[in-house]
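Chemist:
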Amino acid sequence: MKSLSFVLYFLSHHPVWSFLILLFLGILLTSLIRKWIFLLLGFLGALANIFLAHYLNAWFLNAYGIKGEAVITRTVDTNSTLNDAPVYDYDVLLKTADGKDVITGFSTMSAAIYPLRNEILIPPQGQFFVVKYIPGYEKNIVVLSDDSPYGKQRLSALGQENVEKARIQYNASPTNKDFRQQYLAALKEYLDEPQHRYDTFTVNRYRQILGALEAGKDPEQSLTTTTVINDLSNFNTLTQAQQDLQANPTDPAARQQLIQAIKGFLSSQMAGQDSATIKGYQQMLKALESSTTIMKGGGNPGQLTIKKVETILNGDTTHGRTVIIGQ
Numbered sequence: 005m006k007s008l009s010f011v012l013y014f015l016s017h018h019p020v021w022s023f024l025i026l027l028f029l030g031i032l033l034t035s036l037i038r039k040w041i042f043l044l045l046g047f048l049g050a051l052a053n054i055f056l057a058h059y060l061n062a063w064f065l066n067a068y069g070i071k072g073e074a075v076i077t078r079t080v081d082t083n084s085t086l087n088d089a090p091v092y093d094y095d096v097l098l099k100t101a102d103g104k105d106v107i108t109g110f111s112t113m114s115a116a117i118y119p120l121r122n123e124i125l126i127p128p129q130g131q132f133f134v135v136k137y138i139p140g141y142e143k144n145i146v147v148l149s150d151d152s153p154y155g156k157q158r159l160s161a162l163g164q165e166n167v168e169k170a171r172i173q174y175n176a177s178p179t180n181k182d183f184r185q186q187y188l189a190a191l192k193e194y195l196d197e198p199q200h201r202y203d204t205f206t207v208n209r210y211r212q213i214l215g216a217l218e219a220g221k222d223p224e225q226s227l228t229t230t231t232v233i234n235d236l237s238n239f240n241t242l243t244q245a246q247q248d249l250q251a252n253p254t255d256p257a258a259r260q261q262l263i264q265a266i267k268g269f270l271s272s273q274m275a276g277q278d279s280a281t282i283k284g285y286q287q288m289l290k291a292l293e294s295s296t297t298i299m300k301g302g303g304n305p306g307q308l309t310i311k312k313v314e315t316i317l318n319g320d321t322t323h324g325r326t327v328i329i330g331q
């Protein structure tokens, strides 16, 4: 398996060299066996490899690999394009199941992503995602998009499109029984899909709407409750508190405000969007309350990371306790 993983990695990450090698093998077999079919097969195989190698690599790693997690640490523009979209190189840190750190990478064109789709879904930089790899050659990884936070968010957003369409129809004509049934059906379909349970904030909101519809009440009115308003308020307060502490990292008042904001956010429904967020803010709260040194760094306002680790939102404190505000 290790050798096969190496071969598939080479074929998918080095298409030019792979093309020349496969073509050379076709020519060599033709000269040895005196059958032109091998030259044709070598040429067709070299062409097919350019477009299909990363699909084969993704299928193989998903079928036979074991799970780990990884994070993109740097994104570099290659000044090339694919279908009028820029092509990037990505530096990646893999954390294996047995605790090893492996530096690897891929590009927009060579990335192995599963499930296989006719689109390239690259994880955002700085956010951990689920991968599979073959032990012994960990450099070759496949991104499991639907198992990763960014993929779950995408699936949730796609599922909300049908609900949003039904909602607009119903609001345009609340007395139309067909529109009401379509709205009910869209809500139930979304809530019945296991992959949407990751987004608990949306799930709870849709349950409120569904309950109001089934009770014959105005669904829009049900969303003006203090629950939703407080959740949004807690999130905005948390964002502002993070920005205030970034501007004044030694200010004890700003520190205390962030502690209270985190507690308020963790008690809200919005915090339940994913376990990584909860775990990360719990670690952040613990660090703040234990008077861990806070330092100022660069990066985006409000984004906190732990020194020598990627994002604190993934709760990894195995390599340090110093919290840095910024990326």
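First residue of the sequence shown: 5, per my numbering; consecutive thereafter.
No residue lacks a Cβ here, since even glycine has one placed at the ideal position from N, Cα and C.
1) Tell me, please, which residues DSSP counts as bridged to V207.
2) Counting Cβ pairs closer than 8 Å, one from the segment 89 to 98 and one from the segment 110 to 121, do we hit at least three?
3) Looking at C-alpha atoms only, which residue of I25, G130, S177 and M288 is the closest neighbour of I76?
4) Using beta-carbon positions only, say whether S9 and A57 come within less than 8 Å of one another.
5) Only counting the same chain, and skipping five residues up and downstream in sequence, which positions put a Cβ closer than 8 Å to that of Y92?
6) Which of the three DSSP states, helix, strand or coil, is assigned to L125?
7) I'd like the list of long-range same chain contacts for Y154, defined as Cβ closer than 7 Å, with 5 residues on each side in sequence excluded.
8) Could you check whether Y210 and Y187 sit closer than 8 Å to each other, using their CB atoms as the reference points?
9) From the DSSP output, in three-state form, read off N87 for me.
10) How close, in whole Å, do the beta carbons of V147 and A101 come, if the pair is a contact with beta carbons under 8 Å?
11) Kindly indicate which three-state DSSP category N304 falls into: helix, strand or coil?
12) Assuming L29 contacts F64 under a Cβ cut-off of 8 Å, what Cβ separation, rounded to an integer in Å, is found between them?
13) So, M5 versus Y59, is the Cβ gap smaller than 8 Å?
14) With DSSP run on the structure shown, which of helix, strand or coil describes F55?
15) Skipping 5 residues on each side, what residues in its chain have a beta carbon closer than 7 Å to that of F42?
16) With distances taken from CA atoms, which of I266, K39, H17 and Q157 is nearest V207?
17) Can you list, in chain order, the residues of its chain with a C-beta nearer than 7 Å to that of L86? Leave out the 5 residues immediately preceding and following it.
18) For a quick check, are the C-beta atoms of S160 and D105 less than 8 Å apart?
19) Let me know the secondary structure DSSP gives I328 once reduced to three states.
20) The alpha helix (DSSP H) with T179 in it runs from where to where?
21) Would you call the CB atoms of Q173 and F183 closer than 8 Å?
22) Mark E224 as exposed unless 16 or more other C-beta atoms lie within 10 angstroms of its C-beta, in which case mark it buried.
23) Since G72 sits in a beta bridge, which residues does DSSP pair it with?
24) How would you call V167, buried or exposed, if buried means at least 16 neighbouring beta carbons within 10 angstroms?
25) Under 6 Å Cβ to Cβ from A257, same chain only, skipping five residues before and after it: list those, please.
26) With a 10 Å radius around its C-beta and 16 neighbouring C-beta atoms as the bar for buried, classify I37 as buried or exposed.
27) Would you check if the distance between the CB atom of K136 and the CB atom of K71 is smaller than 8 Å?
Modeler: Looking at the atomic coordinates:
1) As a working note, residue 207 is residue 203 in the sequence shown. Paired residues: none, contrary to the question.
2) Output reads yes: the segment 110 to 121 touches the segment 89 to 98.
3) Against the sequence shown, residue 76 aligns to sequence position 72. Relative to the Cα of I76, the nearest Cα in the group I25, G130, S177 and M288 belongs to G130.
4) The count along the sequence shown starts at 1 and reaches residue 9 at position 5. The count along the sequence shown starts at 1 and reaches residue 57 at position 53. Result no, Cβ atoms of S9 and A57 do not sit closer than 8 Å.
5) Translated into positions along the sequence shown, residue 92 becomes position 88. These residues qualify, in order along the chain: T79, V80, D81, T82, S111, T112 and I126.
6) Your numbering for residue 125 matches position 121 in the sequence shown. In the three-state scheme derived from DSSP, where H, G and I count as helix and E and B as strand, L125 is classed as coil.
7) As a working note, residue 154 is residue 150 in the sequence shown. A distance below 7 Å between beta-carbons, with the five flanking residues on each side excluded, links Y154 to the following residues of its chain, in chain order: P127, P128, Q131 and F133.
8) The residue labelled residue 187 in the question sits at position 183 within the sequence shown. The residue labelled residue 210 in the question sits at position 206 within the sequence shown. 8 Å or more divides the Cβ of Y187 from the Cβ of Y210.
9) The residue labelled residue 87 in the question sits at position 83 within the sequence shown. N87 falls in the coil class under three-state DSSP.
10) Residue numbering aside, residue 147 sits at position 143 when the sequence shown is read from its first letter. Residue numbering aside, residue 101 sits at position 97 when the sequence shown is read from its first letter. Not confirmed; about 16 Å, so no contact.
11) Numbered from its first residue, the sequence shown carries residue 304 at position 300. Because N304 sits at a pLDDT of 34, beneath the cut-off of 50, its placement in the model cannot be relied upon, and the following sentence gives the value as read from the coordinates. For N304, the three-state secondary structure derived from DSSP is coil.
12) Your numbering for residue 29 matches position 25 in the sequence shown. Your numbering for residue 64 matches position 60 in the sequence shown. F64 and L29 do not touch by the CB rule: their CB atoms are close to 20 Å apart, not below 8 Å.
13) Numbered from 1 along the sequence shown, position 1 holds the residue referred to as residue 5. Numbered from 1 along the sequence shown, position 55 holds the residue referred to as residue 59. In this structure, Y59 does not lie closer than 8 Å to M5 by Cβ.
14) Translated into positions along the sequence shown, residue 55 becomes position 51. Here F55 sits in helix by DSSP.
15) Along the sequence shown, one-based indexing puts residue 42 at 38. For F42, where only same-chain residues beyond five positions count, the Cβ hits under 7 Å are G30, L33 and T34.
16) Residue mapping note: residue 207 aligns to position 203 of the sequence shown, counting from 1. The candidate whose alpha carbon is nearest that of V207 is Q157.
17) Translated into the one-based positions of the sequence shown, residue 86 becomes position 82. Only T112 and M113 meet the Cβ criterion.
18) Along the sequence shown, read from residue 1 onward, the residue named residue 160 stands at position 156. Along the sequence shown, read from residue 1 onward, the residue named residue 105 stands at position 101. Between S160 and D105, the CB-CB gap reaches or exceeds 8 Å.
19) In the sequence shown, counting from the first residue as 1, residue 328 sits at position 324. Residue placement at I328 is poorly supported in this model, since its pLDDT is 32, which falls under 50; the coordinates are not used for a value here.
20) For the purposes of this step, residue 179 is identified with residue 175 of the sequence shown, where counting begins at 1. Taken as a continuous stretch (DSSP letters only), T179 belongs to no alpha helix (DSSP H), as it is neither H nor E.
21) Translated into positions along the sequence shown, residue 173 becomes position 169. Translated into positions along the sequence shown, residue 183 becomes position 179. Taking 8 Å as the Cβ cut-off, Q173 and F183 qualify as a contacting pair.
22) Taking the first residue of the sequence shown as 1, we reach residue 224 at position 220. With fewer than 16 Cβ atoms within 10 Å of its Cβ, E224 is classed as exposed.
23) Taking the sequence shown and counting its residues from 1, the one referred to as residue 72 is at position 68. Answer by DSSP bridge pairing, in chain order: V135.
24) If you number the sequence shown from 1, residue 167 lands on position 163. The C-beta of V167 has 16 or more other C-beta atoms within 10 Å across all chains shown, which makes the residue buried.
25) Along the sequence shown, read from residue 1 onward, the residue named residue 257 stands at position 253. For A257, where only same-chain residues beyond five positions count, there are no Cβ hits under 6 Å.
26) Translated into positions along the sequence shown, residue 37 becomes position 33. With fewer than 16 other Cβ atoms within 10 Å, it is exposed.
27) Residue 136 sits at position 132 when you count from the first residue of the sequence shown. Residue 71 sits at position 67 when you count from the first residue of the sequence shown. In this structure, K136 lies near K71, with their beta-carbon atoms less than 8 Å apart.
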